[in-house]
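Written below as structure tokens is the structure these notes are about.
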Amino acid sequence: MSDTPLQADRDKAFAFLKAQARWRWPEIALWAFAFASILLMPSRALLINEIAILALFALSLDLILGYAGIVSLGHGAFFGVGAYTAGLLAKAGAGAAPLSDPTLGLLAAGATAAMIGYATSFLVLRGNDLTKLMVTLGIALIFQELANKFSDITGGADGLQGVTPAKVLGLFDFDIYGKTAAFYSVTVLFLLFCAARVIVHSPFGISLRAIKGNALRARAIGVPVDARLRAIYTLAAAYAGVAGALLAQTTAQVSLDVLEFHRSADTLLIVVLGGVGTLYGAVVGAAAFKMMYDFISSYTQQYWQFWLGLILVVLVLFVRGGIMGLIARLTGQEERA
Amino acid sequence: MNAILQTKGLMRMFGGLTATNNVTFSLPRGARHALIGPNGAGKTTFVNLLTGVLAPTSGDIFFDGQNVASWPAYRRARAGLARTFQINQLFLDFTPIETLGFALSEARGEGAQFWRRIGTHRGVVDESVDILERLGLGDVLTRRVGLLPYGKQRLLEIAIAVAGKPKALLLDEPAAGVPEGEREQILQVIEGLPAEMALMLIEHDMELVFRFAKSISVLVQGALFAEGEPAEIARDPRVKQVYLGESEVEHHFEARA
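These protein sequence lines map, in sequence, to chains F and A. Throughout, my numbering is defined as the position within the first sequence, counted from one, plus 9. Throughout, my numbering is defined as the position within the second sequence, counted from one, plus 53.
What follows is the structure in structure tokens.
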């Protein structure tokens, strides 16, 4: 009796859930373009590298903001911790494996940021949104001042010099045109994006969306809300740490700037610009942000923030869901979830 | 001891106000019990205390033999104490199939799995569909919850709560606000719940109460005021007294007296 109405509904539901996580061709096209762009526009490799790093950082913020509803103004702390971890490792190894190995640097940066993320998650997850904003901001300020204070380790205001990562996978040397850097960063972004994509479509991911949607009900279903939020906060911290590590390795330096407040704020802006809770919003938002900066500042060096601000206001007020929301509307796709 | 859920001297204060006053209460396994009381009697506060949304000021709560008074809400839910809400608490941008699949995954202890997409466990999907069909939601499996008619949303409230096969289910005004034509469906769903599942219905609608309940507790100003079989409660002049002014209810007692 496989064609009873019940069985038909079961099959329909099964197919529906399967379709949610399916790769669609625009996604494949986007990633193909991301890799191809390095070959097509080698003179833009440094810009592509920057975009990839920014996108990864924004992606990590989208994981907590878009999927778990945790607002943060201090996400840059993890980015900075990752940058210093990778920078110090590369410096310690003096350009030779194993210590200067970039992959090791990424793992170490991710792990360090994750540990700090887990430790601070207990503070961050208390209280309401405003409390969260202030606590995350406060933690970021503390880390910034620590990096400034311990200048014998971090180089203080002069920055960390002599960051010399070894060849990527022992094969590819970082070149001055940034081609290796761009391939390296885009690849890391792609891999971590795929992982994030799996996670947001998993039972764990749907429980986060449920918590964001209605924490009261999630608890009544038996979801350990705090533990789940701590887990995603820790993961997002690791992602941000890896993004920071990419910046340290590909630019061969770390300055106090990695811990500046504007990084956290810019990233929040990028996620909103791209579309919160879409993953792709982080990537598209980062590209749009960087290209807008490049474009506008080629006309007016000083006032680019004016135009950025104007675009942001228009987008937030009149186009719900950022660039991804705009695309969904233009292609006539119902904005889902 | 045949009670699934018990309280001893349960108290809850909000500042100087006593919302729950020294309640010692027992819900037998497989019960069909109703908790009634005039507006502001503290019925929902009592449910919130039982389920861990609120912490008691003092007193104990026993569920399935364990003192759960200090347990967080999610642990009580996992132990088999489920509830529905007086005001819909749903995930508006989910679909019913996602909602049920999620609730079932959590009940099976698979909610933290991050390495596989949802819907790969055929058993979970099939069971979700079965429950939804049984509760009259089979035609809206893949519609957004926020777009469902109110009556369907009320049914989904119950579907979520029964997904984990709880030992006790607290139904907080399940038919509240449901248009007359759709009430009957909700009543039938409640009556069709497994006999071994203890049910406590918090309700204002006396027709529903007297049709459903085998026993009734009356809560007045946070304290247990009367307990007994429906016929006794209906005859009790003191109960009638506390409902004075709530004409609809009054009328119901008149009819039964």
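Cβ atoms here follow ideal geometry from the backbone N, Cα and C, with glycine treated the same way.
Specify, as a first and last residue, the run of the beta strand (DSSP E) that residue 60(A) falls within. Translated into the one-based positions of the second sequence, residue 60(A) becomes position 7. Start and end: 56-67.
Considering Cα atoms alone, identify which of 72(F), 96(F) and 320(F) is closest to residue 174(F). Your numbering for residue 174(F) matches position 165 in the first sequence. The option with the nearest alpha carbon to residue 174(F) is 96(F).
Okay, do the region 96-103 of chain A and the region 64-81 of chain A touch, 3+ Cβ pairs below 8 angstroms being the bar? yes
Within 7 angstroms of chain A by C-beta, residues of the region 224-235 of chain F in sequence order: 225, 226, 228, 229, 230, 231, 232, 233 and 234
In three-state terms, what does DSSP make of residue 144(A)? Stepping through the second sequence from its first residue, residue 144(A) is reached at position 91. If DSSP states are grouped into helix, strand and coil, residue 144(A) belongs with coil.
Using C-beta distances below 8 angstroms, list every residue in its chain close to residue 277(A), excluding the 5 sequence neighbours before and after it, in chain order. Looking up residue 277(A) in the second sequence gives position 224. Here the set comprises 76, 77, 78, 270 and 271.
What is the DSSP secondary structure of residue 136(A), counted as helix, strand or coil? Along the second sequence, one-based indexing puts residue 136(A) at 83. It is a strand residue.
Run through the region 267-311 of chain F for me and flag every whole alpha helix (DSSP H) of 4 or more residues, listed as ranges in chain order. 270-283 and 289-308
Near-chain F residues of the region 102-122 of chain A (beta-carbon distance less than 8 angstroms), N- to C-terminal order: 104, 105 and 106
Of all the CB atoms in chain F, is at least one closer than 9 angstroms to the CB of residue 90(A)? Stepping through the second sequence from its first residue, residue 90(A) is reached at position 37. No, residue 90(A) lies away from the interface with chain F (no Cβ there is under 9 angstroms from its Cβ).
Euclidean distance between Cα positions of residue 11(F) and residue 24(F): The residue given as residue 11(F) occupies position 2 in the first sequence. The residue given as residue 24(F) occupies position 15 in the first sequence. Because the pLDDT at residue 11(F) is just 45, under 50, the model does not fix this residue reliably, and the value given afterwards should be weighed accordingly. Going by the C-alpha atoms only, they are around 15 angstroms apart.
Residue 130(F) at chain A interface by Cβ criterion, 9 angstroms: On the first sequence, residue 130(F) is found 121 positions in, with the first residue counted as 1. So, not an interface residue.
Do you know how far the Cα of residue 209(A) is from the Cα of residue 130(F)? Residue mapping note: residue 130(F) aligns to position 121 of the first sequence, counting from 1. Residue mapping note: residue 209(A) aligns to position 156 of the second sequence, counting from 1. Distance between the alpha carbons of residue 130(F) and residue 209(A) is about 33 angstroms.
Using a Cβ-Cβ cut-off of 7 angstroms (strictly less than) and excluding sequence neighbours within five positions of residue 156(A), which residues of its own chain qualify? Within the second sequence, numbered from 1, the residue matching residue 156(A) stands at position 103. Cβ within range, chain order: 213, 216 and 217.
Ignoring anything shorter than 3 residues or poking outside the region 198-263 of chain A, list the beta strand (DSSP E) runs there in chain order. 221-225 and 251-255
Let me know the secondary structure DSSP gives residue 163(A) once reduced to three states. For the purposes of this step, residue 163(A) is taken as residue 110 along the second sequence, with counting starting at 1. Looking at residue 163(A) - three-state DSSP - the assignment turns out to be coil, as it is neither helix nor strand.
Going by other Cβ atoms of all chains shown within 10 Å of its Cβ, with 16 needed for buried, is residue 167(A) buried or exposed? The count along the second sequence starts at 1 and reaches residue 167(A) at position 114. When all chains shown are included, residue 167(A) counts as buried.
If you pair each beta-carbon of the region 301-312 of chain F with each one of the region 69-81 of chain F, do three or more pairs fall below 8 angstroms? no
Are the C-beta atoms of residue 213(F) and some chain C residue less than 9 angstroms apart? Note that chain C does not occur in the displayed structure, where the protein chains are F and A.
Taking the alpha carbon of residue 322(F) as the point to measure from, which residue in 278(F), 341(F), 295(F) and 333(F) has its own alpha carbon closest? Walking along the first sequence from the start, residue 322(F) turns up at place 313. The residue with the shortest Cα to Cα distance from residue 322(F) is 278(F).
Please classify residue 280(A): does DSSP put it in a helix, a strand, or coil? One-based indexing of the second sequence puts residue 280(A) at position 227. Note: residue 280(A) maps to strand in three-state DSSP.
Delimiting residues of the alpha helix (DSSP H) encompassing residue 201(F): Counted from its first residue, the first sequence places residue 201(F) at position 192. Start and end: 188-209.
Using the beta-carbon count (16 or more within 10 Å), is residue 286(F) buried or exposed? For the purposes of this step, residue 286(F) is taken as residue 277 along the first sequence, with counting starting at 1. Residue 286(F) should be labelled buried.
Starting from the Cα of residue 142(A), find the closest Cα among 230(F), 186(F) and 151(F) and give me that residue. Residue mapping note: residue 142(A) aligns to position 89 of the second sequence, counting from 1. Of the listed residues, the one whose Cα sits closest to residue 142(A) is 230(F).
Helix, strand or coil at residue 261(F) [DSSP, three-state]: Here residue 261(F) is taken as the residue at index 252 of the first sequence, counted from 1. Correct three-state label for residue 261(F): coil.
Residue 329(F) touches chain A at which residues, Cβ-Cβ below 7 angstroms? Numbered from 1 along the first sequence, position 320 holds the residue referred to as residue 329(F). None at all; the shortest Cβ gap to chain A is about 13 angstroms.
When the cut-off is 9 angstroms and only beta carbons count, does residue 77(A) lie next to chain F? One-based indexing of the second sequence puts residue 77(A) at position 24. No, residue 77(A) lies away from the interface with chain F (no Cβ there is under 9 angstroms from its Cβ).
Give the secondary structure of residue 331(F) by DSSP, where H, G and I count as helix, E and B as strand, and everything else as coil. Taking the first residue of the first sequence as position 1, residue 331(F) is located at position 322. Helix at residue 331(F).
Among 197(A), 63(A), 65(A) and 85(A), the one whose alpha carbon lies nearest that of residue 245(A): Here the question's residue 245(A) lines up with position 192 in the second sequence. Per the Cα distances, 85(A).
Could you work out which residue in 92(A), 67(A) and 80(A) is closest to residue 273(A) when comparing CA atoms only? On the second sequence, residue 273(A) is found 220 positions in, with the first residue counted as 1. Closest by alpha carbon: 92(A).
When we look at the beta-carbon of residue 33(F) and count the other beta-carbons within 10 Å, is it buried (16 or more) or exposed? In the first sequence, residue 33(F) corresponds to position 24, counting from 1. Label assigned to residue 33(F): exposed.
Is residue 144(A) close to chain F, meaning its C-beta is less than 9 angstroms from at least one C-beta of that chain? For this step, residue 144(A) is matched to residue 91 along the second sequence. With 9 angstroms as the cut-off, residue 144(A) counts as an interface residue toward chain F.
Does the Cβ-Cβ distance between residue 140(A) and residue 154(A) come in under 9 angstroms? Taking the first residue of the second sequence as position 1, residue 140(A) is located at position 87. Taking the first residue of the second sequence as position 1, residue 154(A) is located at position 101. Against a cut-off of 9 angstroms, the Cβ pair of residue 154(A) and residue 140(A) comes out as no contact.
Suppose the cutoff is 7 angstroms on Cβ atoms and the five residues either side in sequence are ignored; what does the same chain contact list for residue 231(A) look like? Along the second sequence, one-based indexing puts residue 231(A) at 178. So the qualifying residues of the chain are 203, 204, 207 and 239.
Give me the subset of the region 190-202 of chain A whose CB atoms are less than 7 angstroms from a CB atom of chain F, sorted by chain position. 191, 194 and 195
Leaving out the 5 sequence neighbours to the left and right, which residues in its chain are closer than 6 angstroms to residue 17(F) when beta-carbon positions are compared? Taking the first sequence and counting its residues from 1, the one referred to as residue 17(F) is at position 8. Result list for residue 17(F): empty, nothing under 6 angstroms.
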